[in-house]
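When you number the sequence shown by my numbering, it's gap-free, plus one each residue, and the end is 196. Worksheet: one structure, shown below.
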Amino acid sequence: DVADVKDHSSGREGMRLVDVNEILDVSLTLIEAQLQERSVQVVREGPERLPWVFAISNHLKQVCFNLIFNAADAMPEGGQLRVRSYVAAAGDGGDGAGYVSVSGGRGAELAGPAVVVEISDTGTGIPAQELPKIFEPFYTTRVKGTGLGLAVSYSIIEQHHGELAVRSVEGEGTTFRIRLPVAQ
C-alpha cells in the first residue's frame with residue numbers, strides 16, 4: 013500500500029533495508045591495516061544473520077568506522093577489539109549495567125526488538141566524569157581531534173531512531189552500544 017510506504021518513511025528519506033553485519037564487516041575491512049599496525053586483535057561475535065533495519069547505509073558505516081577508530085586509538089600499545097552484534101527482544105536492555113545512554117532517540121520506537129552492536133576495546137578507558145561530555149561537539153581528548161566524531165555518530169543514531177550508550181572503566185576499556193529498531 014502506497015500510503016503505508018509514505019508513512020513508514022516519514023523523516024527517513026534515503027533509508028533502505030540494510031544488514032548491520034555487512035556494514036560492520038565493511039567498516040572493519042576499511043581499518044584492518046591500521047588495526048594490524050597497532051597490534052589490535054579483532055574478535056567478531058554474533059549470529060550470521062540479523063533482522064533488517066531501516067538505515068542510510070553510508071551513515072551507519074560512518075558511525076561504525078568512528079567507533080572502531082576510537083577503540084583502536086584507545087589502545088596505542090595494542091589490545092583486543094570486540095565487535096558483537098545480536099538481537100534484543102522488546103524491553104530487553106541487554107546488560108544495561110553501567111551504561112550511560114546519550115540518545116534516547118524516540119523511546120517508543122525501541123519498544124520492539126532491536127539490532128544491537130557493541131564495540132569494545134581493552135584500552136585506557138574514559139574517566140566517569142568525562143563520559144557525559146564525550147558526545148558534545150568539539151569535546152576531544154586528542155591532540156589532533158576535532159571532537160566531532162562522536163557528536164556526528166550521536167546525531168546519526170538519533171536520526172535512525174536508535175540509541176547510543178557507552179560504558180567505560182578506566183584502565184580496563186570502553187564499550188559503545190548501538191541499538192537500532194528492527195524494520196517492521
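The beta carbon of each residue, even a glycine, is placed where N, CA and C say it ideally should be.
Using CA coordinates, which residue listed in the options is at the minimum distance from residue i?
i	options	result
R61	D31, F77, L160	D31
V65	T186, G174, G185	G174
A84	A100, Q53, R191	Q53
V209	G137, Q74, V164, I43	Residue 209 falls outside the range modelled here, since the chain spans only 13 to 196, and no answer is possible.
L93	F150, E57, E142, A101	E57
L79	A67, I146, A140, I68	I146
Based on the DSSP output, what are the partners of residue i in its beta bridges?
i	result
A67	R28
G91	V52
V99	V127
G185	V181
E60	E60 pairs with nothing; no bridge assigned.
Span of the alpha helix (DSSP H) holding residue i?
i	result
G161	161-171
Would you mind sorting residue i into buried or exposed? The rule is 16 or more other CB atoms within 10 Å of its CB.
i	result
T41	exposed
E25	exposed
G110	exposed
N70	exposed
R191	buried
Could you spell out where the beta strand (DSSP E) holding residue i opens and where it closes?
i	result
S132	126-133
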